[in-house]
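J.: Here you go, one structure.
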Amino acid sequence: MKKVCVIFRHSPIGNTSSREGLDFAMLSASFEQEVSVVFTDEAVLHLLPEQQPELVGSKDYLATFKALSLYDIDTVLVCQESAKQFGLKESEFNFEAEMASVKQIQLLIQQANEVVVY
Amino acid sequence: MAPLQEPFFIVMNKFIIQVNGTVYGSTASFRALRFTESVLSLGHQVSHVFFYQDGVMNSSALICPASDEHDLHRAWTKLATEHNLHLVNCVSAALRRGVLSAQDANENRKDAFNASDKFTMGGLGELVTGIEQSDRLICF
Chain P
767 MKKVCVIFRH SPIGNTSSRE GLDFAMLSAS FEQEVSVVFT DEAVLHLLPE
817 QQPELVGSKD YLATFKALSL YDIDTVLVCQ ESAKQFGLKE SEFNFEAEMA
867 SVKQIQLLIQ QANEVVVY
Chain E
1308 MAPLQEPFFI VMNKFIIQVN GTVYGSTASF RALRFTESVL SLGHQVSHVF
1358 FYQDGVMNSS ALICPASDEH DLHRAWTKLA TEHNLHLVNC VSAALRRGVL
1408 SAQDANENRK DAFNASDKFT MGGLGELVTG IEQSDRLICF
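For the protein sequence lines, the chains are P and E, in the order given. Here my numbering runs 766 ahead of the position in the first sequence, where the first position is 1. Here my numbering runs 1307 ahead of the position in the second sequence, where the first position is 1.
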């Protein structure tokens, strides 16, 4: 078992990076790895509710983020600096996630065996 | 008289390489190739090279740049042959991007396939177990 930290840093719309990153995170968790997830930079936009990715020809993979807790992925952090830049509040989050300081994220990365950025 | 040499230990690590960058238009795959060559030359082990996201394009046998250009597909297959490397494509990522093995083409009723047989089609599970069994994952 390894501690795997999956960092999302791309916007949910305009590229498919996060969709495949999410697949990786969930598969790692189902293979009994200890997975944590971080949203930073434009990726904080994943937390916005009521998005319709189908309108831009994408599968609605955003709904799947709600399943992270079912996969025992309990540590889901959102960079508060990035959230602030995008005017996003914790009360608006579309799925269970916690606002975190840069320090908290650094600590999580330090504790991880592997860090993967999508 | 030559001084006595200190005993030294070579620390050998087992790496797994993840390539997310496409075969042309980004330098990620080239950097992954150079890194892989380098760790092998230093005596380390590379358990798998796993191609994910746009990285699966590296496995297309139809890549044919002009003769004065770098052919990354050929470079990967050459390195794999020389070092008996295990090149693995994520099959779902590959199918989405039109990279098919003969078996995939047959199963999906397509007229042609393009994945080179130096690359095997595998699942993300192979990446995850590979990460678990290696000392270090390096992503490009």
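From the three backbone atoms N, C-alpha and C, an ideal C-beta is built for every residue, glycine too. Every value quoted in this text rests on a predicted model; they were computed, and no experiment measured them.
(1) Measure the alpha-carbon distance for P/Lys769 versus E/Asp1418 and round it to whole angstroms.
(2) So P/Leu843 and P/Gln872 are supposed to be a Cβ contact under 8 Å. How far apart are they, rounded?
(3) Taking the C-alpha atoms as reference points, what is the distance between E/Leu1369 and E/Ile1324?
(4) Within the continuous alpha helix (DSSP H) that includes E/Val1346, where are the two ends?
(5) Near E/Ser1333, which residues of its chain fall below 8 Å by C-beta distance, leaving aside the five closest residues on each side in sequence?
(6) Would you mind telling me which residues of chain P sit closer than 7 Å to E/Gly1429, beta carbon to beta carbon, in chain order?
(7) Do we get a CB-CB distance below 8 Å when we pair E/Tyr1359 with the residues of chain P?
(8) Please look up how many angstroms separate the CB atoms of E/Val1435 and P/Phe831, rounded, as I've assumed it's under 8 Å.
(9) What is the residue span of the alpha helix (DSSP H) that E/Phe1296 lies within?
(10) Are the Cβ atoms of P/Tyr837 and P/Met865 separated by less than 8 Å?
(11) For E/Lys1385, which three-state DSSP category applies?
T.: Judging by the given coordinates:
(1) 43 Å
(2) About 11 Å; that fails the 8 Å criterion.
(3) Counting only the Cα atoms, E/Ile1324 lies some 23 Å from E/Leu1369.
(4) 1335 to 1348
(5) Asp1361
(6) Correct list: empty, because the minimum Cβ distance to chain P is about 12 Å.
(7) Chain P, which has a Cβ nearer than 8 Å to the Cβ of E/Tyr1359, makes this yes.
(8) Wrong, their Cβ atoms sit about 19 Å apart, outside the cutoff.
(9) The requested residue 1296 of chain E is not part of the displayed model; chain E covers only 1308 to 1447.
(10) no
(11) helix
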